[in-house]
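Below: one structure, written as structure tokens.
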Amino acid sequence: MESQIKDGISAAFQALYTHDIAADDVALQPTRKDFEGTYTFLTFPFGRVSKKGPEETGNELGEYLKANVSVVADYNTVKGFLNLVLSENSQVDQFAAMFNGTDIAASPVFQVEKKNKTVVVEYSSPNTNKPLHLGHLRNISLGNSVARILEASGHKVVKVQIINDRGIHICKSMLAWQRFGNGETPASSGMKGDHLVGKYYVAFDKAYKEEIADLVAKGMAKEVAEKEAPILKAAQEMLKKWEAKDPEVYSLWETMNSWVYEGFDATYERMGVDFDKLYYESDTYLIGRDRVMEGLEKGVFYKKEDGSVWADLTEEKLDQKLLLRKDGTSVYMTQDIGTALMRYDDYPDLSQLIYTVGNEQEHHFRVLFAILKRLGYDWAEACYHLSYGMVDLPEGKMKSREGTVVDADDLMAEMAGTAKERTAELGKIDGFTEEQALKLYETLGLGALKYFLLKVDPRRSMLFNPADSIDFQGNTGPFIQFAFARNSAILRKASQLGIDITGIDYDNVSELHETEKDLIQAIGQYKEKLNLASDKYSPAIIAQYVYDLAKSYNRFYTEVKIFDEQDLEKRKFHIALSALTAQTIKLCMGLLGIDVPERM
RNA sequence: GGCCCCGUAGUUCAAUGGAUAGAAUAGAAGUUUCCUAAACUUUAGAUGCAGGUUCGAUUCCUGCCGGGGCUACCA
């Protein structure tokens, strides 16, 4: 349909002005709601070609299209905007092409080309010393959604995370557990493993602060005390033992990490996300070190007098970056070099490596990509930092030290709890089994949460107001889920009445209501708007789209009153339109990683 | 200081350089014999400031003002 119009415009330029413009280069945009038409073509840029004013050019083109392109029923020109009105038949035809009664994803309209290269998407990537928080939830929702979108676009996708399982922060938790833990385990305490370990991380910090205060009271300068506190020294000592693989320390490290992983797994499962491969920093930091040494031999890096190794990136305006300390140990950057190289070894056909990491690390990734390029890896160009803004709270920033973090597990439980309250108030779960009801609360609570996090442009900082997020009205996940549930109800009803929507006689579907046209148009623009064929990945755009669709649907639902219709063909058509809407909603929500309930 | 990102209704978010800057929410007024009212309809309300580029600027450029981030031999 669209291509017919583009071809027509191309031909019109040739016929009217003997001007060549390729059909692919013709830019059409959806007509704004306040004007009549489906597609709009801008004539402003072509005054030079037509040697006429924009409005007259529009009229001439419109006249040509009306006469020569069958789907164009009429046109109107407002200034330089040529609005094309499509014939009603063509809209029904468009609908028939999209609707095959069963699965929209299988419809030829929505097919995308399979690509045979691999895209690696990294997300989540937590530290193993404390549980996940709200910031991780934004990261996880975003990364997982991007992975789903890329997969739907035909890419082979590998979801990975790098687990920051080594370093002084882990030793702090371990040390505190040794001193204050009395052998407490997740089983003995009933605590989730990651929360238990997080508790000892906090305990360390408390003890550390007390020691500093003591030392200061004894007359030591604060800066000195911060470095000399015995418990910190002990943690540093422990890190050395860990690096030397001291059996006792190493075994404690393995045990406590396993607790944390169990906890993380439970959180991931509740979030509905998973990973294809895990990378551990305890593996990658050594590889990074080796590769840096190779780079040093090749003269890509240089050594300072004290023995430390650096990359000189002044040419790239990124200054100098330390890669190995004078004692030969790795820094964060060294590990990330190792991780990147491991991934390339694991997936030599990778076409893109996406890092879902907060925007406070933009500088870090700029440096990392520059170093990879220096090392001679072409695929450094294929690395992409999917950067996102911080999640702020109404009271201000989240700070773990001040106890203002919103815990991921607590938040998910709270969302499901609110869904339960609201649902009970409305008496919506009559006839549900206990199990079905629990599943619904979970679907709604998590849908609300994920949608809230995804609808904002990733690069922006966003404000998370728990009260608003739990609002189940307006531009929210539950609103969209509700639109889906209503569609499903219509299909159930149709099925009860024995209406078979696969056999629609489209020729007998005459006049379309405005809201029906809106819906058909909205669904028809799906592919274009979501850009599945290109490599753009924006959950925010999908969220906006599916919300618009749900809204159109609800209006349709209210105005059309499907089952009042006497005409059977028209009734079938309406039901089919509902089915198509439902499938499109499900598909979009699937791209966001959000489940939709059949009933609610 | 230098570099990066962001400033849009009271609030939370939109807007490939295009039409009268869209939604949602809070406010005001309505809609239920009906297939799911967690819905729908109507109404009021915004581009930080000053220049520039052009047919046209929320968008691109410059300066200023305001907010955030980065600028570790922490991870």
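4 is the number of the first residue of the first sequence in the working numbering; add one for each residue after it. Beta carbons: idealized from backbone N, C-alpha and C, even for Gly.
The beta carbon of K82 is closer than 7 angstroms to those of P57, E58 in its chain, skipping five residues each way along the sequence. Within its own chain, the residues whose Cβ lies closer than 7 angstroms to the Cβ of S13, once the five positions on either side in sequence are excluded, are I24, A25, A26, V29, listed in chain order.
Taking all protein chains shown into account, Y203 has 16 or more neighbouring C-beta atoms within 10 Å of its C-beta and is therefore buried. Taking the CA atoms as reference points, A543 sits about 12 angstroms from T479. Contact annotation: K133 and G201 have beta-carbon atoms nearer than 8 angstroms. Collapsing the DSSP output to three states places L552 in a helix. Measuring C-alpha to C-alpha distances from Q94 to each of A427, Y509, W180, E398 identifies Y509 as the nearest. Beta bridge pairing from DSSP links Q164 with L281.
Secondary structure note for P57: its alpha helix (DSSP H) is the uninterrupted segment 57 to 71.
Listed in chain order, the beta strand (DSSP E) elements of length 3 or more contained wholly in the region 333 to 372 are 353 to 361. Contact between the region 118 to 128 and the region 345 to 358 is present, with at least three C-beta pairs closer than 8 angstroms. Across the structure, I483 and S491 are spaced so that their CA atoms are roughly 13 angstroms apart. Looking at the backbone, the Cα of E562 and that of S555 are separated by about 11 angstroms. Between the region 163 to 175 and the region 432 to 452, the count of Cβ pairs shorter than 8 angstroms is below three; the stretches do not touch. Separation of Q338 and F113 (C-alpha to C-alpha, rounded to the nearest whole angstrom) is 41 angstroms. Here L595 is not near L389, since their CB atoms are 8 angstroms or more apart. Annotation for R558: T518 place their beta carbon closer than 6 angstroms to its own, counting only its chain and skipping 5 residues before and after.
Taken through DSSP and simplified to helix, strand or coil, E125 comes out as strand.
As a beta-bridge residue in DSSP terms, T43 pairs with Q32, N86. Between the region 372 to 387 and the region 425 to 438, the count of C-beta pairs closer than 8 angstroms stays below three; the two stretches do not touch. Residue nearest to K423 within the set T270, D322, G448 is G448 (criterion: CA-CA distance).
Shown here, V394 sits in a strand according to DSSP, grouped into three states. In the structure shown, K159 adopts extended strand secondary structure according to DSSP, grouped into three states. Contact between Y211 and A232 holds: CB atoms are separated by about 6 angstroms, below the 8 angstroms threshold. Put simply, the region 253 to 261 does not touch the region 136 to 147. Fewer than three CB pairs are less than 8 angstroms apart.
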